[in-house]
Every structure is written in structure tokens, then in C-alpha cells.
Amino acid sequence: KQEVTQIPAALSVPEGENLVLNCSFTDSAIYNLQWFRQDPGKGLTSLLLIQSSQREQTSGRLNASLDKSSGRSTLYIAASQPGDSATYLCAVPNTGNQFYFGTGTSLTVIP
Amino acid sequence: DVKVTQSSRYLVKRTGEKVFLECVQDMDHENMFWYRQDPGLGLRLIYFSYDVKMKEKGDIPEGYSVSREKKERFSLILESASTNQTSMYLCASGGGGLSSNQPQHFGDGTRLSIL
Chain B
1498 KQEVTQIPAA LSVPEGENLV LNCSFTDSAI YNLQWFRQDP GKGLTSLLLI QSSQREQTSG
1558 RLNASLDKSS GRSTLYIAAS QPGDSATYLC AVPNTGNQFY FGTGTSLTVI P
Chain L
404 DVKVTQSSRY LVKRTGEKVF LECVQDMDHE NMFWYRQDPG LGLRLIYFSY DVKMKEKGDI
464 PEGYSVSREK KERFSLILES ASTNQTSMYL CASGGGGLSS NQPQHFGDGT RLSIL
């Protein structure tokens, strides 16, 4: 069974810093990997989807990379802002239709 | 814009009641999912559906059933609610192995309390 791990569980940075969130997975036979953010008491918002054939995806200040062979993905956030404070989760689908989620990294950006 | 709508944001029910949670998507997706999210346990899949009237059990189906009579609507049913079903319930639509170019989209969640 796929296992998805996110380290660290929590991260606190001053505003303006660049930061990296990590996601690792045990089974490299993935179709894609998706990054989400979740605000307190809300659902998940899709940020980026990287196909298994891609190495990077970018959206604004966010850049996600994927290294299938090593079972790792990173989410890079440039010039962090207080509005980026949220929990960030990564997820991978298996060969069926099940998704495996990490437990998330809780990010706090201090003004 | 993509839209997944859950019928209630907050719901309070009594032990033993039959509870219905509704979810509607407007993207014509085949796949729809029900998760619950609990502190320290992350998201856990209850059921998913890959077509009308088709369903498969996820990791924690006990005490739940689902209904998908129309493509856009996926309902989660708690047959006889119990206090250990107090949780945040999240509906999602899209994505999955055969739809690998399709992101998964979530509703805003239903915070369900069973008293």
C-alpha cells in the first residue's frame, strides 16, 4: 500500500522568505501527484497537478517538482505572505481510483 | 470555474438517526469520493464511485453507505449515526488513475456532530 509522508509537520517562517515543503511516497508507480492547501475548517483547494512524465509545474509563486525514482516531490513557495498560512497536503492516486494523502504541513507566515 | 457543493457546512444529529450528506459537482466527472478527516488521522476514504450506480468501498466503509443515481450527485448515508462518526466529511470529484490529467476538486466540507 502506498504511504505518503510530509515533513515537517509544522513550519513557521517570517514574511518574504522562500520555503520548501516536502512530500515523499513509497511506491514510484504513480500517475500523478497533486498539491493542495487547506484553510482551517474548509475543504481542500487544488494548487498544482504534476503528471508522472513531468518534472515541474509552476503557478504564480508556487513551483512543484517531482522525482519519481526517488519517491519525492517538493513545493516551493517564493516570497511567502501571511495569506499563504494554511496546511499543505500532497496526494497520489494508485492504479485504481484511490488517492493516498499525506498528513500535511501546517505553515505559518509571520508578518 | 470548478464547483463541488456540499449541502451543509454544519450538521448536528442524534445517535441512531439516519443522516444524509449530499454532494453535487458541475464538471461531468465520472469519479466522485467521500472522505472523512480527523485530527492526527488525515483524510480517509469512505467510498468512491466511478459511474452512475457504481461504487467501491474505501478504507473505512463500515457504518456508511452511498448512493449515486445521477452523475452529478453522490450521497453519503450514515445508516444509524454513532458518536464515533462525529467528523469533518469531505466530498471530492475528478481525478484518479484513468483520469490522470484531471485534478481532484473538493467541496467545503460538512462538520458533522453526533450527540
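As given, the protein sequences belong to chains B and L, one line each in that order.
Heads up: take any position in the first sequence, counting from 1, add 1497, and you land on the numbering used here.
Heads up: take any position in the second sequence, counting from 1, add 403, and you land on the numbering used here.
Quick reminder that beta carbons are idealized off the backbone N, C-alpha and C, glycines included.
Against chain L, which members of the stretch 1572-1606 of chain B pass a CB distance test of less than 8 Å? Leu1586, Ala1588, Pro1590, Asn1591, Thr1592, Gly1593, Asn1594, Gln1595, Phe1596, Phe1598, Gly1599, Thr1600 and Gly1601
What residues in its chain sit with their C-beta under 6 Å from that of Lys416(L), if we drop five residues either side in the sequence? Val422, Ala484 and Ile517
Near-chain B residues of the stretch 443-455 of chain L (beta-carbon distance less than 7 Å), N- to C-terminal order: Gly445, Leu446, Leu448, Phe451 and Tyr453
Beta carbon of Gly497(L) nearer than 9 Å to that of His432(L): yes
Starting from the C-beta of Asp429(L), find all residues in its chain whose C-beta is less than 6 Å away, skip the five residues before and the five after it, and write them out in chain order. Lys406
For the beta strand (DSSP E) containing Ser1556(B), list its first residue and its last residue. Glu1553 to Ser1556
Would you kindly work out how many angstroms separate the C-alpha atoms of Ala1576(B) and Thr1542(B), rounded to a whole number? 20 Å
Since His508(L) meets chain B, which of its residues come closer than 8 Å, beta carbon to beta carbon? Ser1543
From the beta carbon of Gly1568(B), is the nearest beta carbon of chain L less than 9 Å away? no
Pick from Ala1526(B), Pro1537(B), Asn1515(B) and Gly1601(B) that is closest to Ser1549(B), judged by C-alpha positions: Ala1526(B)
Kindly list, in the order they appear in chain L, the residues whose Cβ is closer than 7 Å to that of Leu1546(B). Pro506
Residue nearest to Ser434(L) in terms of C-alpha spacing, selected from Arg412(L), Thr408(L) and Gln507(L): The amino acid occupying residue 434(L) in the given sequence is Asn; Ser does not appear at that position. The residue with the shortest Cα to Cα distance from Asn434(L) is Gln507(L).
Interfacial residues, the stretch 1508-1540 of chain B to chain L, with Cβ spacing under 8 Å: Tyr1528, Asn1529, Gln1531, Phe1533, Gly1538, Lys1539 and Gly1540
Is the Cβ of Val407(L) closer than 9 Å to any Cβ of chain B? yes
Can you tell me where the beta strand (DSSP E) with Ala1583(B) in it begins and where it stops? Ala1583 to Pro1590
Apart from the five residues on each side of it in sequence, which residues of its chain come closer than 6 Å, Cβ to Cβ, to Gln488(L)? Leu481 and Ile517
Proximal chain B residues relative to Leu493(L), where beta-carbon distance stays under 9 Å: Gly1540 and Leu1541
Which whole-angstrom value describes the C-beta separation of Leu493(L) and Leu424(L), a residue pair presumed to lie in contact below a C-beta threshold of 8 Å? Their Cβ separation, rounded to whole angstroms, is 10 Å, which puts Leu493(L) and Leu424(L) out of contact at 8 Å.
What alpha helix (DSSP H) runs, 4 residues minimum, are completely inside the stretch 1523-1578 of chain B? none
Report the three-state DSSP secondary structure of Asn1594(B) (helix, strand or coil). coil
Val427(L) to Pro1505(B), Cα distance in whole Å? 35 Å
Is Val1501(B) near Tyr1573(B), with beta carbons less than 9 Å apart? no
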